[in-house]
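In the numbering used here, the protein residues as written are 4 to 357.
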């Protein structure tokens with residue numbers, strides 16, 4: 004369950020007169036709010052009604068500018084809030100990689116407002132902008148040479164019962180179904196399909212080629228750390244220990260994929276038996292992969308770990324989530340050991356796997 008909440012201060016607005024009353028060709032002139040006893044009894048009564056029954060925003064705004072012209076953006080609407088919810092139900096394991104489902108609850112506060120208050124809504128979850136029109140011209144008095152106005156009863160009112168715009172509460176169900184061929188099947192087909200040989204003729208991969216094909220998707224954190232040996236200021240002892248750990252890890256990975264390559268090389272078209280063997284090997288590889296972080300963590304200092312975010316990210320994955328966590332960052336295990344880099348200030352090392 005994920006909650007998305009937002010709280011926002013009120014938007015500023017300017018009390019205006021509807022239309023263009025000063026003849027400058029621009030709509031929305033700032034309103035002059037007359038004090039009581041201005042000579043227009045009808046206008047005084049309407050302003051008094053607004054001050055007694057209008058929204059708090061309208062009352063505060065009118066009281067602030069009685070007897071003067073309203074400032075531009077001199078009034079501010081009420082604070083608003085929103086709350087949305089997303090629920091991702093648990094999918095059975097056999098469908099988890101094929102089907103994804105989400106339930107979206109939009110404007111949860113609005114739904115609670117309607118459930119608790121019925122027609123007397125409080126406006127929870129509403130994002131409406133205040134109506135800035137305070138006066139509506141209803142005529143021109145030739146004798147006094149001034150316009151006569153009516154007060155807009157919905158001025159600065161965002162209460163749900165007084166506005167036409169509402170944010171409804173909605174529930175959306177979102178389903179996603181993956182109809183593609185599973186990736187392990189695609190990978191197995193690519194491994195067993197013919198490739199061009201040295202003589203440009205099409206031929207099936209041999210055992211070593213198949214093992215190398217799968218080894219390309221492996222990653223050694225030891226190799227990744229050793230590549231940054233200068234930046235991390237690794238000592239000679241650290242380099243030797245990392246090379247030794249990498250040699251053991253690489254030997255373990257080869258012990259998984261070399262037999263797989265030999266098995267697949269003697270098979271025909273890919274079927275369930277071949278797929279089961281490839282998936283079992285892949286599962287065993289990830290168990291071996293997740294032994295790396297703790298070992299590498301003991302071979303570097305805390306400062307070096309902070310300078311190498313990948314190791315920090317790997318060790319930060321909880322152990323109960325590692326079974327389904329996949330990290331691929333290059334630095335694959337090669338089919339055969341290669342001469343290692345020369346440690347700083349020492350002789351070169353050529354570590355062979357046991």
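The C-beta atom is built at its ideal place from N, Cα and C for all residues, glycine as well.
Note that the structure is a prediction, hence the values are computed from the model and not measured.
Whole-number beta carbon distance between residue j and residue i, since they are thought to touch under 8 Å
i: residue 281; j: residue 263; result: 7 Å
i: residue 84; j: residue 9; result: 7 Å
i: residue 38; j: residue 18; result: Wrong, their Cβ atoms sit about 15 Å apart, outside the cutoff.
i: residue 140; j: residue 65; result: About 18 Å separates the two Cβ atoms, so there is no contact after all.
i: residue 6; j: residue 88; result: 6 Å
i: residue 278; j: residue 187; result: 6 Å
i: residue 67; j: residue 54; result: Rounded, the Cβ-Cβ distance is 12 Å, inconsistent with contact.
Own chain residues within Cβ distance below 6 Å of residue i, not counting five before or after
i: residue 174; result: 108
i: residue 103; result: 179
i: residue 256; result: 221 and 336
i: residue 15; result: 76 and 79
i: residue 92; result: 104
i: residue 94; result: 102
i: residue 261; result: 214
i: residue 346; result: The pLDDT assigned to residue 346 is 49, lower than 50, so where the model puts this residue is not dependable; a value taken from the coordinates is nonetheless given after this. Taken in chain order, the residues that qualify are 239 and 242.
Residue i vs residue j beta-carbon contact at 8 Å
i: residue 80; j: residue 161; result: yes
i: residue 21; j: residue 138; result: yes
i: residue 105; j: residue 153; result: no
i: residue 311; j: residue 231; result: yes
i: residue 101; j: residue 202; result: no
i: residue 313; j: residue 241; result: no
i: residue 86; j: residue 46; result: no
i: residue 224; j: residue 299; result: yes
i: residue 195; j: residue 273; result: yes
i: residue 218; j: residue 229; result: no
i: residue 69; j: residue 90; result: no
i: residue 151; j: residue 32; result: no
i: residue 130; j: residue 71; result: no
i: residue 235; j: residue 295; result: no
i: residue 227; j: residue 338; result: no
i: residue 208; j: residue 268; result: yes
i: residue 126; j: residue 110; result: no
i: residue 121; j: residue 172; result: no
Close Cβ partners of residue i (< 8 Å) along its chain, the five nearest in sequence each way excluded
i: residue 98; result: none
i: residue 60; result: 13, 78, 79, 80, 81, 133, 159, 160 and 161
i: residue 57; result: 65, 156, 158, 159 and 160
i: residue 348; result: Summary for residue 348: the model assigns pLDDT 43, below 50, so the residue's position carries little reliability; its value from the coordinates is reported in the next sentence. Closer than 8 Å at the Cβ level, and outside the excluded window around residue 348, lie 239.
i: residue 287; result: 259
i: residue 29; result: 23
i: residue 51; result: 39
i: residue 26; result: none
Bridge-paired residues (DSSP) for residue i
i: residue 78; result: 16
i: residue 109; result: 173
i: residue 149; result: 144
i: residue 84; result: 10
i: residue 136; result: 19
i: residue 5; result: 89
i: residue 358; result: Because the chain in this structure spans residues 4 to 357, residue 358 falls outside the shown range and cannot be described.
i: residue 205; result: 199
i: residue 178; result: 104
i: residue 188; result: BP columns for residue 188 are empty, so no partner.
i: residue 154; result: 138
Proximal residues to residue i (C-beta, below 7 Å), its chain only, five neighbours per side dropped
i: residue 330; result: 222 and 317
i: residue 265; result: 210
i: residue 41; result: 47
i: residue 284; result: 259, 260 and 263
i: residue 270; result: 277
i: residue 199; result: 205
i: residue 135; result: 16, 17, 18 and 19
i: residue 350; result: Bear in mind that a pLDDT of 36 at residue 350, under 50, signals an unreliable position, so the number given afterwards is only what the model happens to contain. Once the five neighbours on either side are set aside, residue 350 has no close Cβ partner at all.
(message) Please give me, in chain order, every unbroken run of the alpha helix (DSSP H) with length at least 4 that falls completely inside the segment 227 to 306.
(response) For the segment 227 to 306, whole alpha helix (DSSP H) runs of length 4 or above, ordered along the chain, are 232 to 235, 239 to 268, 275 to 292 and 295 to 302.
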